[in-house]
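Residue numbers (our numbering): 243 to 527.
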């Protein structure tokens with residue numbers, strides 16, 4: 243039903259654009275004039291099939307008389323066009339509402355594929371040989387609802403000056419209506435690292451992507467249910483884009499989002515396992 247309404251609105255918009263071009267632009271009136279000239283010209287041949295100036299003039303007068311005799315209908319048509327023009331913002335708003343409803347519905351389905359209390363990173367932290375920098379090796383994990391386990395989706399190495407490093411995540415808090423009633427859902431995404439020598443604002447992004455999908459949310463087709471992979475990826479991409487648009491994020495069902503950091507100290511052969519929690523934030527285990 244929503245798709246049918248969207249198609250109707252698109253058709254109305256096309257009619258509006260055509261009418262606007264024909265009656266409210268110089269080129270539109272030129273086109274109408276050329277069309278009228280062509281009609282008169284085609285009907286201006288005598289019995290032998292030759293062009294007749296007399297018939298051309300007569301037809302021109304006849305068509306002009308017809309136009310002016312129906313000027314009332316033309317005025318009514320223009321009024322209808324003006325009414326349609328004033329209705330276009332309402333049409334656009336309706337289209338945006340339908341599109342937003344679809345986005346929110348898709349997000350709700352996508353969230354059913356995500357688990358908040360899960361492993362998102364494995365990290366090793368050590369100094370370089372000259373002790374000038376910290377080397378941070380990260381392995382990214384996503385949760386497969388089909389296999390009911392965490393799966394590694396990628397890894398990366400980062401270097402940053404300092405003696406200790408802080409790993410920051412973005413915590414996204416969703417409206418209850420998108421998840422099970424009465425249950426909070428806070429989704430954590432790795433964001434950046436900074437240190438005692440590098441400020442948060444100058445930190446290094448660790449939000450690694452694959453085709454615009456965060457590695458901590460990347461799922462293959464066989465690891466997704468309720469949605470096709472293309473639908474899931476499009477929804478996740480749309481969700482990530484809302485983090486830079488507070489107004490859009492509220493419409494999508496994101497209540498709040500904030501950052502939370504944990505400290506990691508360099509230690510040879512030590513592995514940190516980083517989990518997100520359902521209530522938000524990160525914990526080390």
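Built from N, CA and C at the ideal position, the CB exists for glycine as well.
- For residue 371, the secondary structure class from DSSP, reduced to helix, strand or coil, is coil.
- The Cβ atoms of residue 386 and residue 501 lie no closer than 8 angstroms to each other.
- The region 442-525 is shown to contain whole beta strand (DSSP E) runs of 3 or more residues at 496-506, 513-518, in chain order.
- A distance of 8 angstroms or more separates the beta carbons of residue 403 and residue 430.
- Taking the C-beta atoms as reference points, residue 360 is found nearer than 8 angstroms to residue 518.
- Rounded to the nearest whole angstrom, the CA to CA distance from residue 268 to residue 382 is 60 angstroms.
- In the DSSP assignment, residue 376 is bridged to 369, 402.
- Counting along the chain, the unbroken alpha helix (DSSP H) around residue 276 starts and ends at 268-284.
- A Cβ-Cβ contact shorter than 8 angstroms links residue 384 with residue 459.
- Residue 277 and residue 322 have their C-alpha atoms roughly 23 angstroms apart.
- In the three-state reduction of the DSSP assignment, residue 397 falls in the strand class, which pools E and B.
- Burial state of residue 260 is exposed, judged by a 10 Å Cβ sphere holding fewer than 16 other Cβ atoms.
- In the displayed model, residue 354 falls within coil according to three-state DSSP, outside both helix and strand.
- For residue 428, the enclosing beta strand (DSSP E) has its first and last residue at 428-437.
- When only Cα atoms are considered, residue 448 and residue 456 end up about 10 angstroms apart.
- The secondary-structure analysis by DSSP pairs residue 384 across a beta bridge with 393.
- Contact between residue 379 and residue 365 holds, since their C-beta atoms are separated by about 7 angstroms, short of 8 angstroms.
- Distance between residue 271 and residue 280, taken at the CA atoms: about 14 angstroms.
- Sorting 515, 401, 358 by C-alpha distance to the C-alpha of residue 371 places 401 at the top.
- For residue 413, the secondary structure class from DSSP, reduced to helix, strand or coil, is strand.
- If you draw a 10 Å sphere on the C-beta of residue 434, you find 16 or more other C-beta atoms in it, and that means buried.
- If you check the CB distance, residue 506 and residue 440 do not come in under 8 angstroms.
- In the same chain as residue 484, and ignoring 5 residues on each side of it, the C-beta atoms closer than 8 angstroms to its own belong to 490, 491, 494, 496, in chain order.
- In this structure, residue 398 sits near residue 450, with a CB-CB distance shorter than 8 angstroms.
- Excluding five sequence positions before and after residue 478, the CB atoms of its chain that fall closer than 8 angstroms to its own CB belong to 352, 455, 456, 459, given in chain order.
- In the three-state reduction of the DSSP assignment, residue 440 falls in the coil class.
- Restricting attention to 286, 509, 499, the CA atom closest to the CA of residue 416 is found in 499.
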